[in-house]
Ligand SMILES: Nc1ncnc2c1ncn2[C@@H]1O[C@H](COP(=O)(O)OP(=O)(O)OP(=O)(O)O)[C@@H](O)[C@H]1O
Ligand SMILES: [Mg+2]
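In the working numbering, the protein residues as written are 31 to 265.
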């Protein structure tokens with residue numbers, strides 16, 4: 031039996047910018063991400079990794095092609111419905127983390143939970159504390175995020191992405207601002223979630239060691255996936 035496909039895209043085309051600045055950023059990209067697998071996207075700066083993640087994360091819409099969550103194509107959904115799907119189903123870790131800098135670490139992690147509105151305030155607080163503990167920030171829950179280091183802010187952003195227990199995690203250079211020990215720790219945390227809790231992870235990375243530890247590596251160049259390789263066969 032083949033693995034359950036969780037998120038996929040089919041022949042995505044994306045143009046960005048206006049007139050003479052217009053760039054054909056994605057040129058027919060198709061990809062399938064199954065539950066229980068970790069996928070890396072690698073490729074030179076400007077090849078389209080972030081553009082693709084934004085489309086898969088329902089933060090941007092393609093000019094052609096479509097995105098499906100499980101078996102449902104999302105092209106026909108309204109903006110509100112897309113926002114709802116995104117908040118519940120997808121955890122997004124941005125290349126630039128976009129925290130609310132006056133909010134504490136804990137409040138930042140609670141933002142997606144508040145939007146979803148399924149937990150009491152006390153449960154949101156406990157869950158945020160637990161997630162922050164998981165990224166090594168258990169002692170900095172009440173620190174405003176502007177008083178955290180770049181690497182600590184990135185870890186808050188990782189915890190925030192996991193707030194609503196999403197099935198798919200999309201991560202754009204999630205360990206870009208972290209030192210070696212913390213980037214290994216952050217990657218292992220994400221990898222364990224995938225393998226033990228039945229999630230799927232797609233991450234863009236310039237770190238070859240992280241890419242090698244993924245189950246799949248997709249190589250992008252000039253808006254296309256030019257090679258996809260399985261690294262670690264899952265049993
Ligand atoms: N809003 C925009 N308007 C015009 N062009 C854009 C816009 N956003 C991205 N691009 C262009 O689209 C192409 C793909 O950009 P993208 O950010 O996806 O690259 P990337 O692979 O994520 O690079 P990096 O490794 O540096 O993060 C680049 O040529 C970039 O300049
Ligand atoms: Mg990028």
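Glycine residues also receive a C-beta, built at the ideal position from the N, C-alpha and C atoms.
Exercise for the section: Return the chain-ordered list of same chain residues with a C-beta closer than 8 Å to the C-beta of residue 31, the five sequence neighbours on each side being excluded. Expected result: To locate residue 31, count along the chain shown from 1; it is residue 1. Unreliable positioning characterises residue 31 in this predicted model, as indicated by a pLDDT of 45, which lies under 50. A coordinate reading is not provided.
Exercise for the section: Let me know the secondary structure DSSP gives residue 259 once reduced to three states. Expected result: One-based indexing of the chain shown puts residue 259 at position 229. Three-state DSSP puts residue 259 in a strand.
Exercise for the section: Excluding the 5 residues preceding and the 5 following residue 37 in the sequence, name in chain order all residues of the same chain whose CB lies nearer than 7 Å to its CB. Expected result: Here residue 37 refers to the residue found at position 7 when the chain shown is read from its first residue. These residues qualify, in order along the chain: 63, 86, 99, 198, 230.
Exercise for the section: For residue 139, collect the residues of the same chain with a Cβ closer than 7 Å to its Cβ; drop the 5 residues on either side in sequence, then sort them by chain order. Expected result: On the chain shown, residue 139 is found 109 positions in, with the first residue counted as 1. Same-chain partners within the cutoff: 158, 161, 162, 186, 189, 190, 193.
Handout entry: Alpha carbon of residue 61 to alpha carbon of residue 77, nearest angstrom
Key = For the purposes of this step, residue 61 is taken as the residue at position 31 of the chain shown. For the purposes of this step, residue 77 is taken as the residue at position 47 of the chain shown. Roughly 16 Å separates the two Cα atoms.
Handout entry: Alpha-carbon spacing of residue 53 relative to residue 254, whole angstroms
Key = Residue 53 sits at position 23 when you count from the first residue of the chain shown. Residue 254 sits at position 224 when you count from the first residue of the chain shown. Going from the Cα of residue 53 to the Cα of residue 254 covers about 13 Å.
Practice task
Grab me the residues of residue 149's own chain with a C-beta within less than 8 Å of its C-beta, minus the 5 sequence neighbours each way, in chain order.
Solution key: For the purposes of this step, residue 149 is taken as the residue at position 119 of the chain shown. Once the five neighbours on either side are set aside, the close Cβ partners of residue 149 are 143, 157.
Practice task
Report all residues from its chain with a CB closer than 8 Å to the CB of residue 223; omit the five preceding and five following residues, and keep chain order.
Solution key: Translated into positions along the chain shown, residue 223 becomes position 193. Closer than 8 Å at Cβ, skipping near neighbours: 192, 199, 229, 231.
Handout entry: Closer than 8 Å: residue 201 CB and nearest ligand 2 heavy atom
Key = Residue 201 sits at position 171 when you count from the first residue of the chain shown. No; taking the cut-off as 8 Å, the Cβ of residue 201 has no heavy atom of ligand 2 nearer than that.
Handout entry: Bounding residues of the beta strand (DSSP E) (the contiguous stretch that carries residue 95)
Key = Residue numbering aside, residue 95 sits at position 65 when the chain shown is read from its first letter. Element bounds for residue 95: 94-99.
Practice task
Taking only heavy atoms of ligand 2 into account, decide whether any of them is closer than 8 Å to the Cβ of residue 125.
Solution key: In the chain shown, residue 125 corresponds to position 95, counting from 1. Correct: residue 125 has its Cβ closer than 8 Å to ligand 2.
Problem - Distance, residue 57 Cα to residue 44 Cα - result: In the chain shown, the residue the question calls residue 44 occupies position 14. In the chain shown, the residue the question calls residue 57 occupies position 27. If I take the Cα positions, the gap works out to 7 Å.
Handout entry: Closer than 8 Å: residue 216 CB and nearest ligand 1 heavy atom
Key = The residue labelled residue 216 in the question sits at position 186 within the chain shown. For ligand 1, not one heavy atom lies less than 8 Å from the Cβ of residue 216.
Exercise for the section: Could you tell me if the beta carbon of residue 115 falls within a distance shorter than 8 Å of some heavy atom in ligand 1? Expected result: In the chain shown, residue 115 corresponds to position 85, counting from 1. Flag unset: Cβ of residue 115 not near ligand 1.
Exercise for the section: Let me have the residue list for ligand 1: C-beta closer than 5 Å to any non-hydrogen atom, ordered along the chain. Expected result: 46, 47, 53, 55, 75, 76, 77, 78, 79, 80, 81
Practice task
State yes or no: is the C-beta of residue 211 within less than 9 Å of the C-beta of residue 70?
Solution key: Numbered from 1 along the chain shown, position 181 holds the residue referred to as residue 211. Numbered from 1 along the chain shown, position 40 holds the residue referred to as residue 70. No, these two residues do not count as a Cβ contact at 9 Å.
Exercise for the section: Run the CB neighbour count on residue 93, radius 10 Å, all protein chains shown included, and call it buried at 16 or more, exposed below. Expected result: For the purposes of this step, residue 93 is identified with residue 63 of the chain shown, where counting begins at 1. Exposed, since its Cβ has fewer than 16 Cβ neighbours within 10 Å.
Handout entry: Cβ neighbours of residue 256 in the same chain (closer than 6 Å, five flanking residues each side left out)
Key = Position 226 of the chain shown, counted from the start, is the residue given in the question as residue 256. These residues qualify, in order along the chain: 249.
Problem - Rounded straight-line distance, which links the Cα of residue 48 to that of residue 265 - result: Within the chain shown, numbered from 1, the residue matching residue 265 stands at position 235. Within the chain shown, numbered from 1, the residue matching residue 48 stands at position 18. Reliability of the predicted coordinates at residue 265 is poor, the pLDDT of 45 falling under 50, and no value is obtained from them.
Problem - Whole-number beta carbon distance between residue 202 and residue 119, since they are thought to touch under 8 Å - result: Locating residue 119 in the chain shown gives position 89, counting from the first residue. Locating residue 202 in the chain shown gives position 172, counting from the first residue. Not quite, the Cβ-Cβ distance comes to about 17 Å (not below 8 Å), so this is no contact.
Exercise for the section: Pull up the distance between the alpha-carbon of residue 101 and that of residue 169, whole angstroms please. Expected result: Start at 1 with the first residue of the chain shown, and residue 101 comes out as number 71. Start at 1 with the first residue of the chain shown, and residue 169 comes out as number 139. So the two alpha carbons sit approximately 41 Å from each other.
Exercise for the section: Within its chain, find whatever has a CB closer than 8 Å to the CB of residue 134; leave out the 5 residues flanking it on each side and keep chain order. Expected result: Numbered from its first residue, the chain shown carries residue 134 at position 104. If we look at residue 134 and ignore the five residues flanking it on each side, its Cβ neighbours are 171, 172, 173, 174, 175.
Handout entry: ligand 2 heavy atom lying under 8 Å from the CB of residue 234
Key = The residue given as residue 234 occupies position 204 in the chain shown. With a threshold of 8 Å, the Cβ atom of residue 234 counts as near ligand 2, since some heavy atom of the ligand is closer than that.
Problem - residue 158 in three-state terms, based on DSSP - result: The sequence position of residue 158 within the chain shown is 128, counting from 1. If DSSP states are grouped into helix, strand and coil, residue 158 belongs with the helices.
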